[in-house]
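A.B. asks: Attaching a single structure in structure tokens format; questions to follow.
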């Protein structure tokens, strides 16, 4: 039987990025972050990438898969996972915020909450249910201490 | 829950402001993320400084 191909978060990230760039050029409405302040977006993008990369590194060290829908083998609660339960997704969101700041117009900010909603509805909630089943009380204790985003 | 109740009170008192808050809330939340991370990083640096400064006292205290 042919397995249905699932869309992974980087695809949604790229689609959001395309929507943001399109809105910036087609309907910018207003400039909300003027230069040189908009250059801070570059630093925010780097911070987002670093956050996602460090979190992915923690997963690799723990020997658990990074790709969603794959079975986790370890519960990572150290490092960045002490401040957020989803540092990789947070890194993606932060990178998008950085791009919006760098573009500097109003409309590129609008697709980001949609991206957050999609990621939360399609990935995070399912992963939480799965981790609850897999790790039980250990995950529930972690969940009560650390926030979903930040 | 408390946030929702506060928003309901705002909706009763001044509905245009409540609707504006509803629209702007995701954008404000997004823009606050880098500042929150910065806050956590600064807190971490202060925690480290505190640990370094109090290290001699902790060593002396630990001696019987």
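Residue numbers (our numbering), protein chains in the order written: chain H, 884 to 1033; chain W, 11 to 74. Glycine included, C-beta positions come from ideal geometry on N, C-alpha and C.
(1) Within 10 angstroms of its Cβ, does residue 927 of chain H collect 16 or more other Cβ (buried), or is it exposed?
(2) With DSSP as the reference, label residue 899 of chain H as helix, strand or coil.
(3) Would residue 995 of chain H and residue 904 of chain H be called neighbours here (beta carbons separated by less than 8 Å)?
(4) Just to confirm the assignment, what range does the alpha helix (DSSP H) spanning residue 23 of chain W have?
(5) Scan the region 925 to 1004 of chain H and note each continuous alpha helix (DSSP H) run of 4 residues or more that stays entirely inside, going in chain order.
(6) At which residues does the alpha helix (DSSP H) containing residue 922 of chain H begin and terminate?
(7) So with Cβ pairs under 8 Å, would you call residue 26 of chain W a contact of chain H?
(8) What are the boundary residues of the alpha helix (DSSP H) that includes residue 1008 of chain H?
(9) Cutting at 7 Å between CB atoms, please list the residues of its own chain near residue 923 of chain H, excluding the five before and the five after it.
(10) If you count every other CB in all the chains shown that lies within 10 Å of the CB of residue 1007 of chain H, and 16 or more means buried, which is it?
(11) In its own chain, which residues sit with a C-beta less than 7 Å from the C-beta of residue 889 of chain H, not counting the 5 before and 5 after it?
(12) On the three-state DSSP scale, how would you describe residue 1051 of chain H?
(13) Suppose you measure from the CA of residue 884 of chain H to the CA of residue 954 of chain H; what does that come to, to the nearest Å?
(14) Applying a beta-carbon distance threshold of less than 9 Å, which residues of chain W neighbour residue 1043 of chain H?
(15) Beta carbon of residue 977 of chain H, beta carbon of residue 930 of chain H: below 8 Å?
(16) Starting from the beta carbon of residue 927 of chain H, find every residue of chain W whose beta carbon is closer than 9 Å, and list them in chain order.
C.D. replies: The answer reads as follows:
(1) As a first step, residue 927 of chain H is located in the first chain; it is residue number 44 there, counting from the start. Answer is buried; the Cβ neighbour count reaches 16.
(2) Residue mapping note: residue 899 of chain H aligns to position 16 of the first chain, counting from 1. It is helical.
(3) Within the first chain, residue 995 of chain H is the residue found at index 112, counting from 1. Within the first chain, residue 904 of chain H is the residue found at index 21, counting from 1. The Cβ atoms of residue 995 of chain H and residue 904 of chain H lie no closer than 8 Å to each other.
(4) Taking the second chain and counting its residues from 1, the one referred to as residue 23 of chain W is at position 13. For residue 23 of chain W, the enclosing alpha helix (DSSP H) starts and ends at 12 to 23.
(5) Entirely contained in the region 925 to 1004 of chain H, the alpha helix (DSSP H) runs reaching 4 residues are, in chain order, 970 to 986, 994 to 1002.
(6) Here residue 922 of chain H refers to the residue found at position 39 of the first chain. From DSSP, residue 922 of chain H is part of no alpha helix (DSSP H); its letter is neither H nor E.
(7) The count along the second chain starts at 1 and reaches residue 26 of chain W at position 16. Not closer than 8 Å to any Cβ of chain H, the Cβ of residue 26 of chain W fails to qualify, so no.
(8) Residue numbering aside, residue 1008 of chain H sits at position 125 when the first chain is read from its first letter. 1008 to 1018 is the span of the alpha helix (DSSP H), which, as asked, contains residue 1008 of chain H.
(9) On the first chain, position 40 is the one that residue 923 of chain H refers to. Answer for residue 923 of chain H: 984, listed in chain order.
(10) Locating residue 1007 of chain H in the first chain gives position 124, counting from the first residue. Buried, by the Cβ-count rule.
(11) What you label residue 889 of chain H is simply residue 6 of the first chain in a count that begins at 1. Same-chain partners within the cutoff: 952.
(12) Look at the range of chain H in this structure, 884 to 1033, and you will see that residue 1051 of chain H is not part of it.
(13) Within the first chain, numbered from 1, the residue matching residue 884 of chain H stands at position 1. Within the first chain, numbered from 1, the residue matching residue 954 of chain H stands at position 71. For residue 884 of chain H, the predicted model reports a pLDDT of 47, less than 50, meaning its position is unreliable and no value from the coordinates is stated.
(14) In the structure as shown, chain H starts at 884 and stops at 1033, and residue 1043 of chain H therefore has no counterpart that could be examined.
(15) Residue mapping note: residue 977 of chain H aligns to position 94 of the first chain, counting from 1. Residue mapping note: residue 930 of chain H aligns to position 47 of the first chain, counting from 1. Yes, Cβ-Cβ distance for residue 977 of chain H and residue 930 of chain H is below 8 Å.
(16) Residue numbering aside, residue 927 of chain H sits at position 44 when the first chain is read from its first letter. By Cβ distance, chain W contributes 43, 44.
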